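J.: Once you've had a glance at the structure underneath, I'll fire off some questions.
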Amino acid sequence: MKYEHIFKPIEIGKLTIRNRIMSTAHAEVYAENGLPTERYVRYYEEKAKGGVGLCICGGSSPVSRDQPQQWWSAVDLTTDRVMPYLNTLAETMHKHGTKIMIQGTHMGRRNAYWGGDWPHLVTPSGIREPVHRGTAKIIEYHEMKRIIADFAAAAVRVKESGMDGFELSCAHQHLIDQFWSPRTNKRNDEYGGSLENRMRFGIQVYEAMREAVGPDFALGIRMCADEFHPDGLNHDDFKEIAQAMDETGLIDFISITGSGADTHNTLANCMPPMALPPEPFVDLAAGIKSVVDVPVMHAQGIRDPNQAERILSEGMVDIVGMTRAHMADPHIVNKMREGKETQIRQCVGTNYCIDRQYLGQDVLCIQNAATSREHMGMPHIISRTEGKLRKVVVVGAGPAGLEAARVSRERGHDVVLFEKSDAVGGQVNLAAKAPQRDQMAGIIRWLDMEVKRLGVDLRLNTAADKETILAEKPDIVVLATGGDPGVHEKEDWGYNDGRCVSSWEILSGEVEPAQNVLVYDVMGAHAGTGTADFIANKGSRVEIVTPEPKVGDDVGGTTFPIFYRRTYGMGIIMTPNYWLEKTYREDDKLIAVLMNEYTEELEEREVDQVVIENGIVPNDTLYWALKDDAFNQGITDINELYDAQPQSCLSEVSDGEFVMFRVGDAISMRNLHGALYDSLRLCKDF
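Just so it is clear: in the sequence shown, position 378 is 1697 by the working numbering, and no numbers are missing.
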């Protein structure tokens, strides 16, 4: 068998897990009022249908009321009202042969007091946490006793709900590892000083939990393997902690993450984005495994079946977590088993999912719009239509057009896809030019492979016009024509006079970067920072200017630190809070005039080149050319679209007529996920 180690069952305590692939705990932001309702259950069920062996849900689920969870919408383990919902989840997963556990924790200072019951946060020594700005009091003995009891009560609720186990998070500077770490524990009582003392509180928690749930219920620990701080715990310290925890006999497994997470910079390591190498911390997990007897799990940047098999075959860990990989394709395990690896939609590590979570938004996959929308009828596997087979013409082979063509063809329709350039991919091809963003191309590579596998009639180097489209005698026309750079918004920028260029022209190679470049980034997202990085990487001096509060303000909490590492390393000047008012030429000099957002004072820069990143404006020429000829006038019924229902015009149109829709940037600027979602929810009902 190609993946003999992946598909070898494993024992965790009294549990038998059917294979060595798992989905690790993460904050989904799907729970409603602290309860895992239908959306939550269907999200996990899809992974179970897809063959995964084990899921641990509920990242950072609170066990105590003084742990607010307002922004990541966690499962609330503090009350019995959660139990019937957990029972439904457990029964659903078991029906498909997958084991299901939940992660519980007390986050201590790693939180914010504003929300829920507005508690006073607790931590061993009252030291503030910078990422969540958590100010906390010094925990007292009575509070320790209460929290220990809370952990035990939560574990009982989980067990009695029919779940298979309970994982306690000590991985990201939560309360127990706040006791462990000398960065946060300055106590001089029996809970401070020596490592044995600093471990005391955590062991007391596990003793209470084990007494409450008995010997046969799986209890585990998720822990870091190196805090990467000179005043923190290093890898040898964590090996000592893991060995001591193993020797207590209280735990059945250890799940390893490779980095601390109490600063913005270390947080970026915890969910490694595409800028970091694959599996960057598996050696740390292997180090922990070398000193313990219980099974060791690990998940960080493992996205490929061959990676997983190699890691297992070399004995580095016992179970491989492929969590973001399951967001991209929840059927990845079945596709491994069935020899359909080329059909796996592989995670590329954009971290759109986790960056949304850090904004308090529901976790979504940038390239799979069905993920977490299973309860709405968004399919991962597209079924063939039982209705009329139609001729579908799609114009534009960017992500929205490729997805429209893919889904329409999966439905059984005859699909023609026009693309004016010599390659598919649209703007993603430009995004992939930026250093550390090249893996974006993997999204397009999968879509391209799928439309070819399915037999879509792809016509490159063909700029479709009205006559070309009508000559195909279409029943349905989908315009995915994208847009153009928004460089004309302000005449004083001087694009028409050649005083500035677009980011597209730079990334495509149409225009070479000059020596001294000002990048003006209106959007504060990946396009502007990626362009600045691209130019600086070629040796130019770069200043990136933005009206946003900080450079890369919309890049995301786990990805902006990577850009900042490179920014400071290459000497890019970051200038937030400034607008570009105008450019002008003075003899042979190019002058950029900037205005401060708050003082309205003007400053000037003498530069060789000004590069504008101001989003896009729709390319709607074809829409207006075809609108009057379309049966539905090119109108998408938004109520039907938003309710995931078929467009009624599809059942009303007569033979010889056609309906027309637009998706993605052809309507207004969208991110990649938005463009793909437009196409999936529209075309799934063709």
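Just so it is clear, CB atoms sit at the ideal spot from N, CA and C, and this is done for glycine as well. Owing to the predicted nature of the structure, the values given are computational and were not obtained by experimental measurement.
1) Measuring alpha carbon to alpha carbon, tell me which of V1912, I1892, F1853, P1793 ends up nearest D1811.
2) So, does the segment 1794-1809 touch the segment 1702-1715, judging by three or more C-beta pairs under 8 Å?
3) Considering Cα atoms alone, identify which of C1543, I1795, G1875 is closest to S1488.
4) Locate the alpha helix (DSSP H) running through D1767, then write down its first and last residues.
5) Suppose the cutoff is 7 Å on Cβ atoms and the five residues either side in sequence are ignored; what does the same chain contact list for N1653 look like?
6) Which residue from P1868, A1750, E1791 puts its Cα closest to that of S1827?
7) If you check the beta carbons only, do H1324 and R1339 fall under 9 Å apart?
8) DSSP on P1624, reduced to helix/strand/coil?
9) Taking all protein chains shown into account, decide if K1792 is buried (16 or more other Cβ within 10 angstroms of its Cβ) or exposed.
10) Going by beta-carbon coordinates alone, are G1849 and N1933 separated by less than 9 Å?
11) Might you give, ordered along the chain, the residues of its own chain that have their beta carbon closer than 7 Å to the beta carbon of I1701, omitting 5 neighbours on each side?
12) Output the boundary residues of the alpha helix (DSSP H) element that contains Y1814.
13) Based on the DSSP secondary-structure assignment, which residues constitute the bridge partners of K1737?
14) Going along the chain, which unbroken runs of the alpha helix (DSSP H) with 4 or more residues stay wholly within the segment 1893-1979?
15) For S1444, name the three-state secondary structure that DSSP assigns.
16) Among residues of its own chain, excluding the 5 on either side of P1965, which ones have a beta-carbon nearer than 6 Å to its beta-carbon?
17) Between which two residues does the beta strand (DSSP E) containing L1373 stretch?
18) State yes or no: is the C-beta of V1636 within less than 9 Å of the C-beta of M1655?
19) At a cut of 8 Å, does the segment 1947-1958 reach the segment 1670-1688 through at least three beta carbon pairs?
20) Going by DSSP in three states, Q1562 sits in which element: helix, strand or coil?
21) In angstroms with no decimal places, state the Cα-to-Cα distance between Y1961 and S1691.
22) Specify, as a first and last residue, the run of the beta strand (DSSP E) that H1617 falls within.
23) On the DSSP bridge assignment, give the partners of V1796 in chain order.
24) Mind checking who C1543 pairs with in its DSSP beta bridge?
25) Report the rounded CA-to-CA distance for L1603 versus G1577, giving the unit in angstroms.
26) Is it right to say N1670 is buried, meaning 16 or more other beta carbons lie within 10 angstroms of its own, or is it exposed?
27) Would the segment 1936-1952 count as touching the segment 1834-1852 if we require 3 or more Cβ pairs under 8 Å?
28) Taking the CB atoms as reference points, tell me whether G1372 and L1678 lie closer together than 9 Å.
29) Pull up the CB-CB distance for I1630 and V1601, whole angstroms please, since I reckon it's below 8 Å.
30) From the DSSP secondary-structure annotation, give me the bridge partner or partners of Y1839.
31) Taking its Cβ as the centre, do 16 or more other Cβ atoms sit within 10 Å of T1567, making it buried, or is it exposed?
32) Following the continuous beta strand (DSSP E) through L1487, name the residue where it begins and the one where it ends.
33) Could you say which of T1918, I1892, I1762 lies nearest to L1995 if we only look at CA atoms?
34) With the cut-off set at 9 Å, would you say L1334 and G1484 are in Cβ contact?
35) Given a cut-off of 9 Å, decide if A1618 and G1634 are closer than it, judged by their beta-carbon atoms.
36) Measuring CB to CB, does L1909 end up less than 9 Å from R1981?
T.: To lay it out plainly:
1) V1912
2) yes
3) C1543
4) 1760-1773
5) G1369, G1370
6) A1750
7) yes
8) helix
9) exposed
10) no
11) V1726, E1729, R1730, K2003
12) Looking at the DSSP string, Y1814 is not in any alpha helix (DSSP H), and its letter there is neither H nor E.
13) It is worth fixing the name first, because residue 1737 is Phe in this sequence and not Lys. DSSP output for F1737 lists V1714, R1778 as bridge partner(s).
14) 1940-1945, 1957-1961, 1968-1971
15) coil
16) D2004
17) 1373-1381
18) no
19) no
20) helix
21) 15 Å
22) 1615-1617
23) V1712, M1979
24) T1576
25) 6 Å
26) buried
27) no
28) no
29) 6 Å
30) V1864, I1931
31) exposed
32) 1484-1489
33) I1762
34) yes
35) no
36) no
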